[in-house]
Amino acid sequence: MAESPDGSAPLPPARPLDAIDQDILQMLQADGRASIRSVAERVHVSRANAYARINRLVEDGVIRGFGARVNHERAGHSTSAYITLKIVQNTWRTVREQLRQLPGASHIALVGGDFDVLLLVHTPDNRALRELVLTRLQAIPEVLSTRTLLVFEEEDLEPQG
1 MAESPDGSAP LPPARPLDAI DQDILQMLQA DGRASIRSVA ERVHVSRANA
51 YARINRLVED GVIRGFGARV NHERAGHSTS AYITLKIVQN TWRTVREQLR
101 QLPGASHIAL VGGDFDVLLL VHTPDNRALR ELVLTRLQAI PEVLSTRTLL
151 VFEEEDLEPQ G
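Residue numbers (the UniProt record's numbering): 1 to 161.
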């Protein structure tokens, strides 16, 4: 069984998604506030069917949640960076829990290659980024080294549709 995103409990095995499920996902990615009625009309099923499908997608962990896409610069976090980390072998879960607590952390990935972890952060300014990297990250005992890649410009891609 796959682990839930927060690591608290195993998820049930993934059920196959049909074309209607895919359409629902695409619609909700474009507009997470879409009503059940509008989802049902768009994918040509009853409201009860749309409601049941969305609930199943949530229960199965396909939909992890609903939220807003934020313009970080306009929200007061004008500095963004990708930070690569090399960590002590077999400490991913411990490091992940500590990275989740960092202010401004928005994406954490365990990766293969020249480094072990890729972390995306959004901070108010370079001073806050410096504090996060030099004080918070490098204080984690399992972190062997970091490299910071400053983001000059970024864009969230909209779902294809």
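Every residue gets a Cβ at the ideal spot worked out from N, C-alpha and C, and that includes glycine.
Environment of residue i [buried if 16+ CB atoms lie within 10 Å]
i    : result
H72  : buried
L137 : buried
L129 : buried
V151 : exposed
C-beta atoms of residue i and residue j nearer than 8 Å
i           : j    : result
L102        : L132 : yes
residue 162 : I87  : Lying before the first or after the last residue shown, residue 162 is absent from the chain, which here runs from 1 to 161.
residue 168 : L85  : No statement about residue 168 is possible, as the shown extent of the chain runs from 1 to 161 and does not include it.
A34         : M27  : yes
D60         : A14  : yes
V43         : I24  : yes
V111        : V95  : no
G32         : G67  : yes
Residues near residue i in its chain [Cβ-Cβ closer than 7 Å; skip 5 each side]
i    : result
L156 : A quick correction: the sequence has Asp, not Leu, at residue 156. Closer than 7 Å at the Cβ level, and outside the excluded window around D156, lie R69.
Y51  : I36
E154 : S80
Original post:
So, do the stretch 105 to 113 and the stretch 51 to 63 have three or more beta carbon pairs nearer to each other than 8 Å?
Top reply: no
Subject >> the stretch 111 to 131 / the stretch 69 to 86 touching (three or more Cβ pairs under 8 Å) >> reply: Yes, they touch.
Original post:
If you scan the UniProt domain "HTH asnC-type" (17 to 78) from start to end, which runs of the beta strand (DSSP E) of 3 or more residues do you find wholly inside it?
Top reply: none
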